[in-house]
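Enquirer: Counted from 1, the sequence shown has number 169 at position 169 by UniProt numbering; the numbering is strictly sequential.
The following block contains the structure, expressed as structure tokens.
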Amino acid sequence: MKVLVINAGSSSLKYQLIDMEGEKLLAKGLCERIGIDGHLKHTPLVDDKPVFNEDLPLPTHAEAIAAVIDKLTSAEYGVVSSMSEIDAVGHRVVHGGEKFASSVLITDEVMKALEDCTPFAPLHNPANITGINACVEVMGKDVPQVGVFDTAFHQTMPAKAYMYALPYDYYTKDGVRRYGFHGTSHRYVSQRCAELMGRPIEELKLISCHMGNGSSICAIMNGKSVDTSMGFTPLVGLPMGTRSGDVDPGALQFVMNRYGMDIDAMLNVLNKKSGVLGISGVSSDFRDLENAAEEGNERARLALDMFDYSVAKVVGSYVAAMNGVDAIIFTAGVGENAPTTRSGICSYLGYLGCEIDEAANAKRGSDNRISTDASKVQLWVIPTNEELVIARDTRDIVSAL
Numbered sequence: 001m002k003v004l005v006i007n008a009g010s011s012s013l014k015y016q017l018i019d020m021e022g023e024k025l026l027a028k029g030l031c032e033r034i035g036i037d038g039h040l041k042h043t044p045l046v047d048d049k050p051v052f053n054e055d056l057p058l059p060t061h062a063e064a065i066a067a068v069i070d071k072l073t074s075a076e077y078g079v080v081s082s083m084s085e086i087d088a089v090g091h092r093v094v095h096g097g098e099k100f101a102s103s104v105l106i107t108d109e110v111m112k113a114l115e116d117c118t119p120f121a122p123l124h125n126p127a128n129i130t131g132i133n134a135c136v137e138v139m140g141k142d143v144p145q146v147g148v149f150d151t152a153f154h155q156t157m158p159a160k161a162y163m164y165a166l167p168y169d170y171y172t173k174d175g176v177r178r179y180g181f182h183g184t185s186h187r188y189v190s191q192r193c194a195e196l197m198g199r200p201i202e203e204l205k206l207i208s209c210h211m212g213n214g215s216s217i218c219a220i221m222n223g224k225s226v227d228t229s230m231g232f233t234p235l236v237g238l239p240m241g242t243r244s245g246d247v248d249p250g251a252l253q254f255v256m257n258r259y260g261m262d263i264d265a266m267l268n269v270l271n272k273k274s275g276v277l278g279i280s281g282v283s284s285d286f287r288d289l290e291n292a293a294e295e296g297n298e299r300a301r302l303a304l305d306m307f308d309y310s311v312a313k314v315v316g317s318y319v320a321a322m323n324g325v326d327a328i329i330f331t332a333g334v335g336e337n338a339p340t341t342r343s344g345i346c347s348y349l350g351y352l353g354c355e356i357d358e359a360a361n362a363k364r365g366s367d368n369r370i371s372t373d374a375s376k377v378q379l380w381v382i383p384t385n386e387e388l389v390i391a392r393d394t395r396d397i398v399s400a401l
């Protein structure tokens with residue numbers, strides 16, 4: 001079975017084609033500037049075929065999907081002979097609310113439920129829905145479409161973890177609660193960690209640190225999410241690239257009143273001008289911050305220190321929540337590629353008996369245990385693979401039809 005994995009944004013569309021026989025990645029690519037002018041970078045990964053990297057007119061997502069299919073099946077750039085070789089499509093969907101605790105075959109009823117979840121993710125779900133509709137338009141209704149939700153993995157959280165201490169009616173009438181995100185990533189790396197440890201995930205207590213431009217931490221007990229740092233939106237929790245993380249709402253009211261800001265202006269500040277960018281004044285990219293800190297920039301150093309400290313505090317709280325931890329996992333762009341950040345976080349974890357192997361910590365690019373043999377808690381760097389999770393779920397659902 002060959003599965004096309006789609007991650008649609010408002011003006012972009014990332015994709016991978018995976019042959020589930022051996023889980024081999026055949027091609028990947030990115031459509032950008034959809035609705036503006038258009039650009040496609042398509043990378044075949046078989047037979048040494050060339051990369052296509054050119055501007056293309058992409059007025060809508062339907063044209064983007066058509067361009068992707070054209071390149072996947074072309075003589076020069078293709079990896080399959082025709083569209084009929086693509087057996088199913090798996091879609092990343094950001095928000096499934098409380099309606100979806102697992103991946104599902106997309107039907108008319110599911111599409112209606114996705115529309116209902118749009119108020120929870122107004123920037124993301126409409127793009128995901130557009131991507132699904134574009135695939136149906138180009139590929140036809142006979143090709144199964146599967147939805148895989150960022151929020152689904154966290155639906156196992158108990159009420160004591162997901163409820164806010166607000167009037168209860170806001171939950172029952174409006175669905176205001178902690179949902180959490182990056183669930184597909186947390187699910188993949190926790191399962192992979194259990195495999196690498198040679199132990200059943202059902203008997204492990206794991207903490208997954210997905211750290212990138214957006215960052216979240218997840219407590220995983222017996223293979224199930226029991227708490228996570230993001231909330232009703234992906235804005236809270238850790239300080240991120242440009243997102244603030246946790247801030248006292250009273251401080252927001254103070255700033256809004258002082259500078260005459262409405263809530264939309266305030267949310268723009270919290271989402272796009274805060275985080276390590278806001279603290280440092282340098283960049284949202286941790287590589288830039290490390291360079292600046294090495295050159296003596298105190299605000300860049302402060303931003304990095306605040307991030308490390310925040311991660312360590314959340315990790316500690318999740319150790320308490322699970323009454324222990326067997327392994328801590330670092331993943332995503334920063335988690336996989338920033339040894340100094342990992343060292344900084346682990347410097348707070350001596351009370352757990354964590355000992356980091358700095359030589360192992362310096363390595364990149366593969367599954368890697370970075371704790372010493374004497375460490376009481378194993379420390380792992382595991383590159384995430386959300387697309388593979390989506391492809392696996394799609395295969396399993398379509399195979400059962």
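Ideal Cβ placement from N, Cα and C applies to all residues, glycine included.
Would you identify the three-state DSSP class for C354, choosing helix, strand or coil?
Expert: Three-state DSSP puts C354 in coil, outside helix and strand.
Enquirer: Which runs of the alpha helix (DSSP H) spanning at least 4 residues fall entirely within the region 47-73, listed in chain order?
Expert: 61-73, all fully within the region 47-73.
Enquirer: Applying the criterion that 16 or more other CB atoms from any shown protein chain within 10 Å of the CB defines a buried residue, is F100 buried or exposed?
Expert: The residue in question, F100, is buried, as its Cβ has 16 or more Cβ neighbours within 10 Å.
Enquirer: So, G222 versus E195, is the Cβ gap smaller than 8 angstroms?
Expert: Per the sequence presented here, residue 222 reads as Asn, with Gly not at that position. Not in contact: N222 and E195 (Cβ atoms no closer than 8 angstroms).
Enquirer: Put P200 into one of helix, strand or coil per three-state DSSP.
Expert: Of the three classes helix, strand and coil, the one that applies to P200 here is coil, per DSSP.
Enquirer: Apply the 10 Å Cβ neighbour rule to K141 and answer buried if 16 or more other Cβ atoms are within range, or exposed otherwise.
Expert: It is exposed - the Cβ of K141 has fewer than 16 other Cβ atoms within 10 Å.
Enquirer: Quick test of your reading: G335 and M211, contact by CB under 8 angstroms. State the CB separation rounded to the nearest angstrom.
Expert: Yes, G335 and M211 are in contact; Cβ-Cβ is about 4 angstroms, under 8 angstroms.
Enquirer: Using only CA atoms, which one of D116, E109, A88, D87 lies nearest to G97?
Expert: Among D116, E109, A88, D87, the Cα nearest to that of G97 belongs to D116.
Enquirer: Where do the N-terminal and C-terminal ends of the beta strand (DSSP E) with Q155 fall, by residue?
Expert: Careful: Q155 lies outside any beta strand (DSSP E) and carries neither H nor E.
Enquirer: Spatial neighbours of V104 within its chain, please: C-beta separation below 8 angstroms, excluding the five flanking residues on both sides.
Expert: V110, V146, G147, I397, listed in sequence order.
Enquirer: By the DSSP assignment, the alpha helix (DSSP H) with Y348 in it spans what residues?
Expert: Run containing Y348: none; DSSP gives neither H nor E here.
Enquirer: Straight-line CA distance for S185 to G333?
Expert: Taking the straight line joining both Cα atoms gives about 12 angstroms.
Enquirer: Could you tell me the alpha carbon to alpha carbon distance between M197 and F330, rounded to whole angstroms?
Expert: Cα to Cα, the separation comes out at about 15 angstroms.
Enquirer: Which runs of the beta strand (DSSP E) spanning at least 3 residues fall entirely within the region 79-119, listed in chain order?
Expert: Whole beta strand (DSSP E) segments, 3+ residues: 88-93.
Enquirer: For the putative contact between V377 and G350, defined by C-beta atoms under 8 angstroms, what is the C-beta separation to the nearest angstrom?
Expert: Incorrect: roughly 11 angstroms between the Cβ atoms, too far for contact.
Enquirer: Does DSSP put P44 in a helix, a strand or coil?
Expert: Residue state, collapsed to three classes: strand.
Enquirer: Would you report the Cα separation of M163 and M266, rounded to the nearest angstrom?
Expert: One C-alpha to the other measures close to 24 angstroms.
Enquirer: Within 10 Å of its beta-carbon, does R342 have 16 or more other beta-carbons around it, so buried, or fewer, so exposed?
Expert: Label assigned to R342: buried.
Enquirer: Alpha carbons only, please: which of R178, T130, S12, H182 is nearest the one belonging to V94?
Expert: Considering only alpha carbons, the answer is H182.
Enquirer: Considering only residues of the same chain and omitting the five flanking positions on each side of T60, which have a CB-CB separation below 6 angstroms?
Expert: Excluding positions up to five away in sequence, the list is empty.
Enquirer: Determine the DSSP secondary structure at R192, reduced to helix, strand or coil.
Expert: Three-state result, R192: helix.
Enquirer: Assign I390 to one of three DSSP states: helix, strand, or coil.
Expert: Helix at I390.
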